[in-house]
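J.: Chains as they are written, first to last, in the numbering used here: chain A, 3 to 266; chain B, 629 to 1031.
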Ligand code: HEM
């Protein structure tokens, strides 16, 4: 059934290419096609995820491959929900590339289904890791929209243009959502760590980097209260902060092994 | 606020340092890893234990003071702001004009969005989420409490690690008896399980509780929380004194020399989980396993009449050395338990703080206090934060009407 995974990857790729061309050439119809392709990829991806869950008899979020796949799935779902809310094609400018790129990363991770190790058998597993996938997806899309914002500025749109105001607002809302979910990730992780290892917090690299990411976005939210941190600066911040998110997501596992090493 | 942000930035820098530089190692290890000069710098700045240095603790204390200011001290101001919003909206002039049709459309839109209404002279005030004003207060307060309660939990909890052989009982500080009835590494299906069956008894209250504990499922008993922390497998040997018939079973957890006369005996070296026999008869030992030891091999030296002979022994093998008979038995898996004493009130307080933080953030982000003054001629939006999304939605609703 891995074919479903690769089919979803190819469809996301097609969606990303069509959408990029659509944005570059200013053709809204192409972006519409890209949205339908995203929906198609999402259906395939959902089928793959459900199948994997059934075969593994657990929530398929237990290693780096499954987590990355969940991250990409969340990005696609968030994109579709945003589109449903705003009914505008440009809102998918970031979700489609994010879904494709993260799923491509997943494709390079070991895919075999393994038994859930005892440390991961917990009622906190779903909440902790499920919120992490959505939190990372929200941050990654906000970073992608940051790039879109800067591109639109370069194209000559004014910061007061409705499209850019909306993009800026969307970046902020996504960061709020990501921040709230990251808070849930950290707090549920602390409760889980106490259940498993007796310590709420051990300054393990993964914990530490989640905290760094959290504080970084907290600083951002405070700076945003001051008006001059809206618009261009906000876009740059959203892009730069994603590097920290990606390091927490993948870099820590590879470079700073600790208690979360099973996530490799 | 900027001072608070500077403190948060310092916490980020400390955390980066703490995650990139290995913590709590010997001075020698820093020299080997990073070189002499860098090791000197790391040790003199305390970067080998960043999170317990006095300056990091000082930063945390300043953060608490700052948070006290932006939660408790600011509360009266927050209350005033919350009260002022409706008042301000009731007396504000419209800054966006409306046609009659747009007025109708706007009022329908606001009602559909769940706004409540209040009449103020000529104008109607539509308002929503006034309680959202307290989101920021709750968030900062919860963060402050998190630091305080978290520190209390850390300071008051005591942790002891111990290993107990199946069948053995240990006595805890207040006289509570802890017995390990059984321990298993694998369940019936052969999956890793690491489960201990424990019985705890408080002799003073006569309360007894038996339960299985495993990773993620500790057991609470009075002030104790008992965790399945680690495990090990010990060799087991039956020693019989052939002269007087005395016999004893002992566990072998580390290398030792078992002898009666100080000369002849058995030198135990190691226990291996299994072995592989090649076609040519040679035996390769399996050195480690997370699973139970299904084909255990004892690596021993028999010492007799001044000569030492290496021997690989298997369960049920016997060896007589001097006047002692050694019978190798099936090894025993045993648990490493962590026993933590905690004040359950603090634990519940911490859970409450966690919940408060999530509620506070949800209010901050998703319950933005908003009031809209609507008159026949126009409207004006008042909020504690920019309401770009709502403004755009209102514009869209009004222009749709005109189309
Ligand atoms: C330590 C120093 C801190 C100071 C001095 C500070 C100060 C402030 C101030 C003055 C505001 C504006 C409040 C308002 O307009 O009602 C604010 C908002 C906020 N603060 Fe803090 N804060 C600090 C730490 C934190 C931390 C650690 C968090 C993380 C949970 C946090 C989360 C928030 C949130 C979520 C908002 C609302 C932002 C928004 O709605 O966009 N603050 N803070």
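Built from N, CA and C at the ideal position, the CB exists for glycine as well.
Since we're looking at a predicted model, the values are computed, not measured.
#1: Could you tell me which residues DSSP pairs with residue 884 of chain B in its beta bridges?
#2: In angstroms, rounded to a whole number, what distance separates the CA positions of residue 1003 of chain B and residue 145 of chain A?
#3: Compare the Cα-Cα distances from residue 927 of chain B to each of B:933, B:848, B:937 and report the closest residue.
#4: Please confirm whether residue 920 of chain B has its beta-carbon closer than 9 Å to some beta-carbon of chain A.
#5: Can you find a CB in chain A that lies within less than 9 Å of the CB of residue 746 of chain B?
#6: Starting from residue 848 of chain B, find everything on chain A with Cβ-Cβ shorter than 9 Å and list it in chain order.
#7: So, is residue 899 of chain B buried or exposed, given that buried needs 16 or more other C-beta atoms within 10 angstroms?
#8: Run down chain A in chain order and give the residues with a C-beta less than 8 Å from the C-beta of residue 982 of chain B.
#9: Where in the stretch 120 to 203 of chain A do unbroken runs of the alpha helix (DSSP H), each at least 4 residues long, occur, reported from the N-terminal end onward?
#10: Residues of the stretch 81 to 109 of chain A in Cβ contact with chain B at a cutoff of 8 Å, in chain order, please.
#11: Would residue 852 of chain B count as contacting chain C if we go by Cβ distances under 9 Å?
#12: Just to make sure I have the definition right: I need the residues of chain B whose C-beta is within less than 8 Å of the C-beta of residue 120 of chain A. Which are they?
#13: Between which residues of its own chain and residue 124 of chain A is the CB-CB distance below 6 Å, once the five residues before and five after are set aside?
#14: Use the C-beta contact count for residue 208 of chain A: other C-beta atoms within 10 angstroms, 16 or more gives buried, fewer gives exposed.
#15: Can you tell me the Cα-Cα spacing of residue 815 of chain B and residue 61 of chain A, whole angstroms?
#16: Counting only runs of 3+ residues fully inside the stretch 909 to 943 of chain B, write out the beta strand (DSSP E) ranges in chain order.
#17: Touching or not, the stretch 952 to 970 of chain B and the stretch 850 to 867 of chain B, by the rule of three or more beta carbon pairs under 8 Å?
#18: Check the Cβ-Cβ distances between residue 1016 of chain B and every residue of chain A, and say whether any is below 9 Å.
#19: Can you round the beta-carbon distance between residue 21 of chain A and residue 94 of chain A to whole angstroms, since I take them to be within the 8 Å contact cut?
#20: Rounded to whole angstroms, what is the Cα-Cα separation between residue 32 of chain A and residue 25 of chain A?
#21: Taking only beta carbons into account, state which residues of the stretch 124 to 142 of chain A come closer than 7 Å to chain B, listed in chain order.
#22: Looking at chain A, which residues of the stretch 728 to 757 of chain B have a Cβ within less than 8 Å of any of its Cβ atoms?
#23: Could you name the residues of the stretch 700 to 726 of chain B whose beta carbon sits closer than 7 Å to any beta carbon of chain A, in the order they occur along the chain?
#24: Would residue 75 of chain A count as contacting chain B if we go by Cβ distances under 9 Å?
#25: Compile a chain-ordered list of the residues in the stretch 208 to 225 of chain A whose CB is closer than 7 Å to at least one CB of chain B.
#26: Alpha carbon to alpha carbon, what distance is there between residue 714 of chain B and residue 746 of chain B?
#27: Leaving aside the five residues before and after residue 1049 of chain B along the sequence, list all residues of the same chain whose C-beta is less than 7 Å from its C-beta, in chain order.
#28: In or out: residue 957 of chain B buried (at least 16 other Cβ within 10 Å) or exposed?
#29: Any idea if residue 75 of chain A is buried or exposed, counting beta-carbon neighbours within 10 angstroms, 16 or more meaning buried?
#30: Which of the residues in the stretch 956 to 977 of chain B, read from start to end, lie with their CB under 7 Å from any CB of chain A?
#31: Among A:233, A:5, A:73, A:91, which has the Cα closest to the Cα of residue 17 of chain A?
#32: How long is the line joining the alpha carbons of residue 738 of chain B and residue 754 of chain B, rounded to whole angstroms?
#33: What distance in whole Å lies between the Cβ atoms of residue 234 of chain A and residue 155 of chain A, which are believed to be in contact at a cut-off of 8 Å?
#34: Using 8 Å for Cβ pairs, my map puts residue 14 of chain A next to residue 96 of chain A. What's the rounded Cβ distance?
#35: If you pair each beta-carbon of the stretch 972 to 980 of chain B with each one of the stretch 791 to 804 of chain B, do three or more pairs fall below 8 Å?
#36: Measure from the alpha carbon of residue 34 of chain A to the alpha carbon of each residue in A:68, A:86, A:66, A:11, then state which is nearest.
T.: To lay it out plainly:
#1: Taking the second chain and counting its residues from 1, one reaches residue 884 of chain B at position 256. Partner(s): B:896.
#2: Taking the second chain and counting its residues from 1, one reaches residue 1003 of chain B at position 375. Taking the first chain and counting its residues from 1, one reaches residue 145 of chain A at position 143. The alpha-carbon separation between residue 1003 of chain B and residue 145 of chain A amounts to approximately 40 Å.
#3: Counting from one through the second chain, the residue named residue 927 of chain B turns up at place 299. When only C-alpha atoms are compared, the closest one is B:937.
#4: As a working mapping, residue 920 of chain B is identified with position 292 in the second chain. No - not a single Cβ of chain A is within 9 Å of the one on residue 920 of chain B.
#5: As a first step, residue 746 of chain B must be located in the second chain, where it is residue number 118. Taking Cβ atoms only, chain A never reaches closer than 9 Å to residue 746 of chain B, which makes this a no.
#6: For the purposes of this step, residue 848 of chain B is identified with residue 220 of the second chain, where counting begins at 1. None at all; the shortest Cβ gap to chain A is about 11 Å.
#7: The sequence position of residue 899 of chain B within the second chain is 271, counting from 1. Burial call: buried.
#8: As a working mapping, residue 982 of chain B is identified with position 354 in the second chain. Chain A residues near residue 982 of chain B: 189, 192, 193.
#9: Given a length threshold of 4 residues, each whole run of the alpha helix (DSSP H) inside the stretch 120 to 203 of chain A is given here in chain order: 126 to 156, 164 to 199.
#10: Answer set for the stretch 81 to 109 of chain A: empty.
#11: Absent from the structure is chain C; the protein chains it does hold are A and B.
#12: Position 118 of the first chain, counting from 1, holds the residue named residue 120 of chain A. Neighbours of residue 120 of chain A on chain B, chain order: 820, 821, 822, 842, 843, 844.
#13: The residue labelled residue 124 of chain A in the question sits at position 122 within the first chain. Around residue 124 of chain A: 194.
#14: Counted from its first residue, the first chain places residue 208 of chain A at position 206. Answer is buried; the Cβ neighbour count reaches 16.
#15: Here residue 815 of chain B is taken as the residue at index 187 of the second chain, counted from 1. Here residue 61 of chain A is taken as the residue at index 59 of the first chain, counted from 1. If you take the alpha carbons of residue 815 of chain B and residue 61 of chain A, they lie about 21 Å apart.
#16: 911 to 914, 925 to 932, 935 to 941, all fully within the stretch 909 to 943 of chain B.
#17: Between the stretch 952 to 970 of chain B and the stretch 850 to 867 of chain B there are three or more C-beta pairs closer than 8 Å, enough to call the two in contact.
#18: Position 388 of the second chain, counted from the first residue, corresponds to residue 1016 of chain B. At least one beta carbon of chain A lies nearer than 9 Å to the beta carbon of residue 1016 of chain B.
#19: Taking the first residue of the first chain as 1, we reach residue 21 of chain A at position 19. Taking the first residue of the first chain as 1, we reach residue 94 of chain A at position 92. Residue 21 of chain A to residue 94 of chain A, Cβ: 7 Å. Contact.
#20: Here residue 32 of chain A refers to the residue found at position 30 of the first chain. Here residue 25 of chain A refers to the residue found at position 23 of the first chain. Residue 32 of chain A and residue 25 of chain A: Cα-Cα distance of roughly 8 Å.
#21: 124
#22: none
#23: none
#24: Residue mapping note: residue 75 of chain A aligns to position 73 of the first chain, counting from 1. Answer no: the Cβ-Cβ gap between residue 75 of chain A and chain B never drops below 9 Å.
#25: 210, 211, 213, 214, 217, 218, 220, 221, 224
#26: The residue you call residue 746 of chain B lines up with position 118 of the second chain. The residue you call residue 714 of chain B lines up with position 86 of the second chain. The alpha-carbon atoms of residue 746 of chain B and residue 714 of chain B are separated by roughly 9 Å.
#27: Nothing can be reported for residue 1049 of chain B, as the shown portion of chain B is limited to 629 through 1031.
#28: Along the second chain, read from residue 1 onward, the residue named residue 957 of chain B stands at position 329. Answer is buried; the Cβ neighbour count reaches 16.
#29: Residue 75 of chain A sits at position 73 when you count from the first residue of the first chain. By the 16-neighbour rule on beta-carbons within 10 angstroms, residue 75 of chain A is buried.
#30: 966, 968
#31: Position 15 of the first chain, counted from the start, is the residue given in the question as residue 17 of chain A. The shortest C-alpha to C-alpha distance from residue 17 of chain A to any of A:233, A:5, A:73, A:91 is the one to A:91.
#32: In the second chain, counting from the first residue as 1, residue 738 of chain B sits at position 110. In the second chain, counting from the first residue as 1, residue 754 of chain B sits at position 126. Straight-line Cα distance between these residues: approximately 7 Å.
#33: Residue mapping note: residue 155 of chain A aligns to position 153 of the first chain, counting from 1. Residue mapping note: residue 234 of chain A aligns to position 232 of the first chain, counting from 1. That pair is a contact at about 7 Å.
#34: Looking up residue 14 of chain A in the first chain gives position 12. Looking up residue 96 of chain A in the first chain gives position 94. Incorrect: roughly 13 Å between the Cβ atoms, too far for contact.
#35: no
#36: One-based indexing of the first chain puts residue 34 of chain A at position 32. The residue with the shortest Cα to Cα distance from residue 34 of chain A is A:86.
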